[in-house]
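Undergrad:
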Amino acid sequence: GAGVSQSPSNKVTEKGKDVELRCDPISGHTALYWYRQSLGQGLEFLIYFQGNSAPDKSGLPSDRFSAERTGGSVSTLTIQRTQQEDSAVYLCASSRRTSGGTDTQYFGPGTRLTVL
Amino acid sequence: AQSVAQPEDQVNVAEGNPLTVKCTYSVSGNPYLFWYVQYPNRGLQFLLKYITGDNLVKGSYGFEAEFNKSQTSFHLKKPSALVSDSALYFCAVRDTVYGNNRLAFGKGNQVVVIP
Numbered sequence: 118g119a120g121v122s123q124s125p126s127n128k129v130t131e132k133g134k135d136v137e138l139r140c141d142p143i144s145g146h147t148a149l150y151w152y153r154q155s156l157g158q159g160l161e162f163l164i165y166f167q168g169n170s171a172p173d174k175s176g177l178p179s180d181r182f183s184a185e186r187t188g189g190s191v192s193t194l195t196i197q198r199t200q201q202e203d204s205a206v207y208l209c210a211s212s213r214r215t216s217g218g219t220d221t222q223y224f225g226p227g228t229r230l231t232v233l
Numbered sequence: 245a246q247s248v249a250q251p252e253d254q255v256n257v258a259e260g261n262p263l264t265v266k267c268t269y270s271v272s273g274n275p276y277l278f279w280y281v282q283y284p285n286r287g288l289q290f291l292l293k294y295i296t297g298d299n300l301v302k303g304s305y306g307f308e309a310e311f312n313k314s315q316t317s318f319h320l321k322k323p324s325a326l327v328s329d330s331a332l333y334f335c336a337v338r339d340t341v342y343g344n345n346r347l348a349f350g351k352g353n354q355v356v357v358i359p
């Protein structure tokens with residue numbers, strides 16, 4: 118079946134511009150995660166959505182970052198007034214929601230963001 | 245917080261030789277451990293996980309991992325490495341502190357399989 122998809126695959130923007138990154142999770146997966154992969158910080162958690170519950174935004178690095186998930190499916194990560202330190206690969210993952218947290222997260226191919 | 249450590253930056257192995265990628269963990273409560281592989285310009289691909297049960301876990305592409313509670317380790321192994329196994333490998337643990345199933349990743353190990 119179809120995996121997690123993300124768009125665009127690459128995004129180059131100028132400092133100060135806003136960007137939107139999109140994630141389509143695997144059909145039937147109720148949990149959705151955003152992570153960021155950068156050379157200096159490795160893989161770090163950003164935000165988590167589970168069904169209709171309020172998202173866990175505890176990993177967002179600043180108030181320039183926000184995310185939403187419409188209809189329990191597609192998610193958009195928005196970065197306002199981008200800075201050069203935002204340059205990274207943004208990875209989306211989804212999983213079935215099972216009790217105890219044993220479910221596997223499946224990752225998309227990522228969006229490589231470059232801020233000039 | 246829960247964490248994993250991958251002590252080696254790069255692992256070099258000759259094709260056909262056994263491959264081991266090391267991971268140690270630090271958790272409170274039951275450890276839920278994962279291995280992922282990342283090929284160049286690709287996302288993370290799931291290899292295997294340990295939740296409970298047998299300490300030896302078998303996964304995709306001939307990989308397996310051994311959970312060792314006394315040594316707090318979860319090393320990834322493959323009996324005979326292929327050149328196509330050259331990639332970046334990540335160990336991860338479910339971070340139970342926040343109760344949201346987020347994963348805490350190690351820094352990753354670059355594996356180079358030499359023909």
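Line order of the protein sequences matches chains A and B.
For the numbering used here, add 117 to where a residue sits in the first sequence, where the first one is 1.
For the numbering used here, add 244 to where a residue sits in the second sequence, where the first one is 1.
Note that CB positions come from ideal geometry on N, CA and C, so glycine has one too.
As the structure is a prediction and not an experimental result, all values here were calculated from the model.
Let me confirm a value: Pro125 of chain A is counted as buried when at least 16 other C-beta atoms fall within 10 Å, else exposed. Which label applies?
TA: exposed
Undergrad: Less than 8 Å between CB atoms is the rule here; does Phe349 of chain B satisfy it with respect to chain A?
TA: yes
Undergrad: Identify each residue in the region 173-207 of chain A for which the Cβ-Cβ distance to at least one residue of chain B is less than 8 Å, and report them in chain order.
TA: Per Cβ criterion, the list reads Asp173, Ser175, Gly176.
Undergrad: Kindly indicate which three-state DSSP category Gln315 of chain B falls into: helix, strand or coil?
TA: coil
Undergrad: When you compare the CB of Gly297 of chain B with every CB in chain A, is at least one pair closer than 8 Å?
TA: no
Undergrad: Any beta carbon from chain E within less than 8 Å of Phe307 of chain B's own beta carbon?
TA: The question asks about chain E, but that chain is absent: this structure's protein chains are A and B.
Undergrad: What separation, rounded to the nearest whole angstrom, lies between the Cα atoms of Asn229 of chain A and Gly159 of chain A?
TA: For the record, residue 229 of chain A in the displayed sequence is Arg; it is not Asn. So the two alpha carbons sit approximately 14 Å from each other.
Undergrad: When you compare the CB positions of Ala336 of chain B and Val248 of chain B, do they come within less than 8 Å of one another, or not?
TA: yes
Undergrad: Using the Cα positions of Val121 of chain A and Phe278 of chain B, report the straight-line distance between them to the nearest angstrom.
TA: 18 Å
Undergrad: Cβ atoms of Val357 of chain B and Tyr333 of chain B: under 8 Å apart, would you say?
TA: no
Undergrad: Do Val255 of chain B and Asn353 of chain B count as a contact pair if the criterion is CB distance below 8 Å?
TA: yes
Undergrad: What is the residue span of the beta strand (DSSP E) that Lys293 of chain B lies within?
TA: 288-294
Undergrad: How is Val191 of chain A classed by DSSP in three states: helix, strand or coil?
TA: coil
Undergrad: Can you name, in chain order, every residue of its own chain whose Cβ lies under 7 Å from the Cβ of Ile164 of chain A, other than the five neighbours on each side?
TA: Trp151, Pro172, Asp173, Lys174, Gly176, Leu177, Ala184
Undergrad: If you draw a straight line from the alpha carbon of Thr231 of chain A to that of Ile143 of chain A, how long is it in whole angstroms?
TA: 26 Å
Undergrad: Does the CB of Asn345 of chain B have a neighbour CB from chain A at under 8 Å?
TA: yes
Undergrad: Which residues of chain B have a Cβ atom closer than 7 Å to the Cβ of Ala171 of chain A, listed in chain order?
TA: Below the 7 Å Cβ cutoff, chain B contributes no neighbours of Ala171 of chain A, its closest Cβ being approximately 11 Å away.
Undergrad: Identify the contact partners of Leu300 of chain B in chain A, using a Cβ-Cβ distance below 8 Å as the criterion.
TA: Under the 8 Å cutoff, chain A gives no residues; its nearest Cβ is about 18 Å from Leu300 of chain B.
Undergrad: From Gln197 of chain A to Arg181 of chain A, what does the alpha carbon distance come to, in whole angstroms?
TA: Between Gln197 of chain A and Arg181 of chain A, the alpha-carbon positions lie close to 5 Å from each other.
Undergrad: In chain A, what lies closer than 9 Å to Lys266 of chain B by C-beta?
TA: Going along chain A, no residue has its Cβ under 9 Å from Lys266 of chain B, so there is no contact; the nearest lies around 17 Å.
Undergrad: Assuming Asn131 of chain A and Thr195 of chain A form a contact by the criterion Cβ under 8 Å, report the distance between their Cβ atoms to the nearest whole angstrom.
TA: Before going further, note that residue 131 of chain A is Glu rather than Asn in the sequence given. No, Glu131 of chain A and Thr195 of chain A are not in contact; Cβ-Cβ is about 16 Å, not under 8 Å.
Undergrad: Could you work out which residues of chain B lie near Thr219 of chain A, taking near to mean beta carbons separated by less than 7 Å?
TA: Tyr276, Ile295
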